[in-house]
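All residue numbers for the sequence shown refer to this note's numbering, where the first residue is 18 and numbers rise by one.
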Amino acid sequence: MKRIDGHYLMHEIEHVLHFERGFLYTVRELITNPGKNVKNYLSENRSRLVKPIIFIILTSLFYSVVVGFFHLEDGYINYMDDNLQSTASAMFKWIQAHYGYANIIMGIFIALWMKLFFRKYDYNIFELLILLCFVVGMSMLILAIFGFIEGITHIKTLQIGGIVAVIYLTWAIGQFYDGKKIASYVKVFVAYLLGTLVVSLLVLITGGIIDNLLKH
């Protein structure tokens, strides 16, 4: 077997970033026609796009690195608690430090609401999770880009990025179902809000229960 050297590493990086079937290709396809490309991934060809779990972890990591490098105020999950030692605070801090895994967990609850709102479509929870990995991953990349701009220019753009990310998510998933119906986009937006709300409530409730048990 050939030894690992600089040439080998450059080849591997080029393979990951390849425009025909790598990370940049996946980004391009998810920008131009996300609904069609995710459907194609689910039913026809799974070799051209980056694996969805890897994609969301990479993009979430990229966002975390940008926010950490420029010491930006995290606008994606921002939980203020007077009691910084509470379990809920610790759980939200874990979410901020592990967006890749946290987004997958959050995607489960968003997928459940999507399954409820789009009952007539024959997609199971796992297929919806694949869709969310791609789309939420792109949302994290959008946030990272706006965060990078804020870090370079010192102009507050991260919150604008948050709005753009939600708009993209709503548009992309709406396309996946029926892009010709306004109701599709409304349902997606509500499903996203309810999914994130449920996760936040579960963290607060779980944290409160744990704190009460520790007091006794």
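Yeah, the Cβ is synthetic: ideal placement off N, Cα and C, and Gly gets one too.
Could you tell me the boundaries of the alpha helix (DSSP H) in which residue i lies?
i, result
"E61", "It is not in any alpha helix (DSSP H) - E61 carries neither H nor E in the DSSP assignment."
"F135", "No alpha helix (DSSP H) holds F135; DSSP gives it neither H nor E."
"R45", "40-49"
"I147", "142-170"
"D195", "175-195"
"S1", "The chain is shown only over 18 to 233; residue 1 falls outside these bounds and no answer can be derived."
"S77", "69-87"
"Q113", "104-114"
Taking all protein chains shown into account, decide if residue i is buried (16 or more other Cβ within 10 angstroms of its Cβ) or exposed.
i, result
"F135", "buried"
"E61", "exposed"
"N102", "Just to set this straight, residue 102 is Gln in the shown sequence, not Asn. Under this definition Q102 is an exposed residue."
"G240", "Since the first and last residues shown for the chain are 18 and 233, residue 240 lies out of range."
"V44", "buried"
"L158", "buried"
"T174", "buried"
"N54", "buried"
"K204", "buried"
"T49", "exposed"
"L210", "exposed"
"F79", "buried"
"G85", "exposed"
"L148", "buried"
"L219", "exposed"
Using 6 angstroms as the cut-off, classify the Cβ of residue i as near or not near the heavy atoms of the ligand ADP, replying yes or no.
i, result
"L149", "Ligands are entirely absent from the displayed structure, and the ligand ADP is therefore not among its contents."
What distance in whole Å lies between the Cβ atoms of residue j and residue i, which are believed to be in contact at a cut-off of 8 angstroms?
i, j, result
"A182", "S156", "4 angstroms"
"L221", "A107", "About 12 angstroms separates the two Cβ atoms, so there is no contact after all."
"Q192", "G52", "3 angstroms"
"E144", "L59", "5 angstroms"
"G164", "G178", "7 angstroms"
If you draw a straight line from the alpha carbon of residue i to that of residue j, how long is it in whole angstroms?
i, j, result
"S81", "I112", "11 angstroms"
"V83", "T170", "14 angstroms"
"H88", "Y138", "43 angstroms"
"Y132", "I190", "With the sequence shown as reference, residue 132 is identified as Lys, and Tyr is not the correct amino acid for it. If I take the Cα positions, the gap works out to 12 angstroms."
"I226", "F109", "15 angstroms"
"F206", "V215", "14 angstroms"
"G23", "F40", "21 angstroms"
"R63", "L230", "47 angstroms"
"W130", "T213", "11 angstroms"
"I122", "Y42", "26 angstroms"
"E167", "S217", "27 angstroms"
"E70", "G124", "Reading off the sequence, residue 70 comes out as Ile, not Glu. Using only the alpha carbons, I get a separation of about 11 angstroms."
"I142", "F126", "10 angstroms"
"T235", "K68", "Any property of residue 235 remains undetermined from this structure, which presents the chain solely from 18 to 233."
_Under 8 angstroms, with one C-beta from each stretch per pair, do the region 114-121 and the region 70-89 reach the 3-pair mark?_
yes
Q: Decide yes or no for the touch test of the region 160-168 against the region 192-210: beta carbon pairs closer than 8 angstroms, at least 3 of them.
A: no
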